[in-house]
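Worksheet for the structure shown next.
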Amino acid sequence: MTTSGRRQTVAVRMGSQQVLFFIFSLLVVLQLQKCFVQSQRLKEKMYESIEASYACFRRLNGTHQFGCTSKRPGNVGVVHIIETQSDADWLVNSGLAVPYVALVHPSMFSKALLQSLQSSGKVNGVAILSNSSAERPPQFSHEDTCPNRYSGLSFLKGQTCGVGENKNWNPTGTSVLLMDWDFPIFYITGQSDITNLHNCYGQHNIVDHPADQLDKALCALELRSHMFASGSSQKCIKRNSYKTLFSQVNFCDPLGGRNVWQTLFPRSTFNANGVEKTEKQAEGNGSIAILAARMDATSMFDGLVPSGVGAATSIVTLIATAELLYRMCNNSNCNNKNVLFLLLTGESYDYIGSSRVVYDMKQGVFPVRPDPSVAQPPPIGLHHIGPFIELSQLKKPAPGQSLHIHRYKDSAEIKSLISTLKRNGKHPIDVLPPSDNLPPASLQTFLAERPDIPGIILSEHAMQYTNSYYHSVFDDAASLGFKYANRSKVPEDSIQSFLADVSTALAHSLYEHVADAPYVGAAVANVTLMDELLYCYLEQSNCSLFQSIANGNSLDKPLSYYVGVSHVYSAVPLVTGAALALLTGSRTNFSQVDCHNNASTDQVYQYIWVSSQWDDPDSSKVCLKTTMNFSVAVSPAFAIDGYNMSSGQYSTWTESVWSELTAKMFLKPSLRQEVMTLSLGIAALVLSFASVFFVKVRHEVLFNPGYVPQG
Amino acid sequence: MDLSKVKDDRKLEICRWYYKGGWACLPFLWTVNFVWFYRDAFKRPPFEEQKQIKRYVIYSGIGALVWSIALLTWVIIFQKYRTEWGDIGDELTFLIPSGSL
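Line by line, the protein sequences are chains C and H.
First residue of the first sequence: 1, per our numbering; consecutive thereafter.
First residue of the second sequence: 1001, per our numbering; consecutive thereafter.
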């Protein structure tokens, strides 16, 4: 009994010790956690992250590098806001608290300013503060004055733009996009961030005398946008291939994506009864009309590439034309000739999409690589191309102005095409004389291979762009004057009505090509659809049309039209292809599981699972059969083995890889305080070494050895 | 290893091994040998194996010196001309610098 009683007491004592230990460890853990949380807070207190910011990044071509980069750990600079020229002069001439980060208002952002900041050597970074309520600068285009200056027809004929007559397509272009900056450039849109920056600047950085900035803590910005690639595409592509155990990084990726193509009528190598077609049954020369538009644009900043005039208006006009043409041909026999709808991507970067289409046509593999065992669209060659209409930079012309037709050469076919268009059009069209100096357009790539293609470019501008925001962050719905009607009546004088009229004229003209007879019906382009399309492409990609094709995947931001890198499928071609398919596809009875083609036996049609009504995403889902498909839009330069990257024949654009693009605001102590902190730290270090040394030398005295070990 | 507790004949053995090992393109072995046995070779009162140890230490020292001169020369040339050599320079580079040539 006694023993067991003792044991119990021990057990109880053990128990209380454990409880005490548990409480103690809990307290320690809690304390540690508290410290940890506090350290988090400290970091947050030190830095204010700027969320709504977009960074300029580095792009490369076969021979050069363009764009911006920061140093690897980021660039830090004292904030200096430039609202007027005198602010800029103060920074360049008087600023002493170097380095600075210049915060520039869009109206002040220019090539001259950037160059003066770069050459001053005082600036470590630039950020544009874009206040949405502020008035937009009258012009803001940082593309070249001659976009795609060296490609297209220029590659064959030498410079065609801006030579002699001194007329450039993009007169407001500054070429900032095509220069190499050795500091990061950011674009800040967050209203609260902008207010914070202004407050912080006003509170800390405004001084009477430049030297006063040296004695106080200053508001500073850290910009991180370090780019891995350097030199040229040739160099970084080569570097991509050096993979060692310790460096497996990619340095750059080719620009590119997917073109969207669709034929009005299905084309197959097989007859209806499954027998291969004979040569006689194949399409004749010039039998396929092409309606083309480009899908991409660019700007200086990653993720912020709107494109109203640049791309969206052409895309929506093409889609509406296709939809109308399908409706017109639905109940009549207009199956004599065909129309190819072609939406090209990467055109802003030396015609990536169209040069690949032309290259593939020459190789006999467009739209798909021939395979005799499969029913598939037969190859389209350059000789098949008949009337070629490219839509480029469409918008509603100013009062008294009209749309313009550009062409390379004159021929009977072009004359008849133009007269057909003029006859079918509601609005006047001005025909410019034939010229070597064509505006930048995909047609140039085709003409460079086959100069007698009867091709025209339909655009709003004559010899110079009227869009002063070309390839910039301001080329959006506001600059286009678009107001969403949202199913109510669309005003007659709106951009929607205008583009619908253009679509009607195009569809009626293309009908004459396919049916060899004028159209006698009453079908016209759907203005409500045009309104919705413009809304989707310009303002809200979460619109009902895109929801109808998205199958639950949400797109909540306005679309960004940058072509992107070739191995990532960007949104614009995807939604454009799906929208075309939804508006023109024919219904099938397939279930969602069977809604796909069997690629090993039939490649003529694609199948797509979408809502049955484009204006109602909640309508019942159906499987549509369509001739819409995608084709690779990667420059032939990256497809040809051993291609000479400096030859200039094909686009060689690549984009650098980066690890992060961030901007952070913080309060930077004065130089005096920084030096003081560092000196104190060094002094403490030296002192601790000295004391340890002292203790070691005098240990016998300090730790009185009462006991001396024997032997 | 505490060298002060090692007997002299064993020291000679170690020194010889380090010297021989250095020939396998291991200049650091020669450097270590030189530093480690310097005291035994030159500073201690004479003992039986000292003459041989001294020889190995001197040879190791010379070897290490030649190696460091050669390496330093190569490093200077490589750093100075790497970018000019283009692709060959990159191929000779172990860690390619990010963001610069």
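For every residue, glycine included, the Cβ atom is placed at its ideal position computed from N, Cα and C.
With 9 Å set as the bound, which would you pick, yes or no: does the beta-carbon of residue i sit closer than that to a beta-carbon of chain C?
i, result
"Ile1088/H", "no"
"Ser1004/H", "no"
"Phe1094/H", "yes"
"Glu1091/H", "yes"
"Leu1012/H", "no"
"Ser1098/H", "yes"
"Leu1101/H", "yes"
For the putative contact between residue i and residue j, defined by C-beta atoms under 8 Å, what is the C-beta separation to the nearest angstrom?
i, j, result
"Ser133/C", "Ser468/C", "That belief does not hold up - the Cβ atoms of Ser133/C and Ser468/C are roughly 20 Å apart, past 8 Å."
"Met227/C", "Arg58/C", "4 Å"
"Glu390/C", "Ala292/C", "5 Å"
"Leu304/C", "Val473/C", "5 Å"
"Gly289/C", "Tyr537/C", "The sequence shown places Ala at residue 289/C, not Gly. Going by Cβ atoms, the distance from Ala289/C to Tyr537/C rounds to 24 Å, so no, they are not a contact pair."
"Leu96/C", "Pro210/C", "5 Å"
"Leu417/C", "Cys329/C", "The pair is not a contact, with the Cβ atoms about 19 Å apart (cut-off 8 Å)."
"Phe155/C", "Ala448/C", "7 Å"
"Ser225/C", "Cys252/C", "Not quite, the Cβ-Cβ distance comes to about 15 Å (not below 8 Å), so this is no contact."
"Ile1096/H", "Arg239/C", "6 Å"
"Ala88/C", "Pro184/C", "About 18 Å separates the two Cβ atoms, so there is no contact after all."
"Ser554/C", "Asn542/C", "6 Å"
"Ser230/C", "Leu1092/H", "The Cβ separation is near 17 Å, so there is no contact."
"Phe1034/H", "Gly1061/H", "4 Å"
Among the options, whose alpha-carbon lies nearest the alpha-carbon of residue i?
i, options, result
"Ser459/C", "Leu506/C, Phe366/C, Ile453/C", "Leu506/C"
"Trp1030/H", "Val1006/H, Trp1067/H, Arg1010/H, Phe1094/H", "Trp1067/H"
"Val101/C", "Leu344/C, Ile81/C, Leu113/C, Ala112/C", "Ile81/C"
"Asn273/C", "Asp410/C, Asn259/C, Ala375/C", "Ala375/C"
"Cys595/C", "Val622/C, Leu582/C, Trp614/C, Asp602/C", "Val622/C"
"Val176/C", "Lys111/C, Leu661/C, Pro106/C", "Lys111/C"
"Ser591/C", "Gly585/C, Gly577/C, Ile608/C, Lys243/C", "Ile608/C"
"Leu661/C", "Ser354/C, Asn75/C, Leu42/C", "Asn75/C"
"His471/C", "Ala663/C, Val309/C, Asn285/C, Val275/C", "Val309/C"
"Ile728/C", "Pro434/C, Tyr408/C, Asp475/C", "Limits of chain C in this structure are 1 at one end and 711 at the other, which puts residue 728/C out of reach."
"Val163/C", "Thr172/C, Gly173/C, Arg149/C, Thr174/C", "Arg149/C"
"Leu91/C", "Ile206/C, Asn131/C, Gln65/C, Gln159/C", "Ile206/C"
"Phe482/C", "Lys396/C, His64/C, Lys337/C, Val604/C", "Lys396/C"
"Ala637/C", "Leu529/C, Arg369/C, Gly648/C, Pro399/C", "Gly648/C"
"Arg450/C", "Ser620/C, Lys415/C, Pro387/C, Phe498/C", "Pro387/C"
Are the C-beta of residue i and some C-beta of chain H separated by less than 9 Å?
i, result
"Phe66/C", "no"
"Ser230/C", "yes"
"Gly711/C", "Here Gly711/C scores only 48 on pLDDT, less than 50, and its place in the model should not be relied on; the value that follows carries that caveat. Gly711/C does not count as touching chain H."
"Thr9/C", "Low confidence applies to Thr9/C: its pLDDT is 38, below 50, so where it sits in the model is not reliable enough to give any reading."
"Val697/C", "no"
"Val249/C", "yes"
"Thr466/C", "no"
"Met463/C", "no"
"Met731/C", "Nothing about residue 731/C can be read from this structure; chain C reaches only from 1 to 711."
"Thr717/C", "For residue 717/C there is no data in the structure shown, the boundaries of chain C being 1 and 711."
"Thr662/C", "no"
"Thr63/C", "no"
"Tyr242/C", "yes"
"Arg59/C", "no"
"Lys621/C", "no"
"Lys238/C", "yes"
"Arg136/C", "no"
"Arg672/C", "no"
"Arg72/C", "yes"
Return the bridge partner residues of residue i from the DSSP annotation.
i, result
"Asn542/C", "Answer by DSSP bridge pairing: none, since Asn542/C is not bridged."
"Trp715/C", "What is shown of chain C runs 1 to 711, which leaves residue 715/C out entirely."
"Phe186/C", "Ala55/C, Ala127/C"
"Lys668/C", "Leu218/C"
"Trp609/C", "Cys623/C"
"Gly173/C", "Ser141/C"
"Val593/C", "Val593/C is not bridged to any residue."
"Pro378/C", "Bridge partners of Pro378/C: none, in fact."
"Ala102/C", "His80/C, Val126/C"
Could you tell me if the beta carbon of residue i falls within a distance shorter than 8 Å of some heavy atom in the ligand GDP?
i, result
"Leu580/C", "As for the ligand GDP, it is missing from this structure, which has no ligand bound."
### Task
Decide if the segment 430-445 of chain C is in contact with the segment 484-491 of chain C; the criterion is three or more beta carbon pairs, one per stretch, under 8 Å apart.
With the cut-off at 8 Å, the segment 430-445 of chain C and the segment 484-491 of chain C do not touch.
### Given 8 Å, three or more beta-carbon pairs between the segment 118-128 of chain C and the segment 247-259 of chain C
With a cut-off of 8 Å, the segment 247-259 of chain C and the segment 118-128 of chain C do not count as touching, because too few Cβ pairs lie within range.
### Task
Inspect the CB distances between the segment 542-552 of chain C and the segment 575-592 of chain C and report whether three or more fall short of 8 Å.
Yes, the segment 542-552 of chain C touches the segment 575-592 of chain C.
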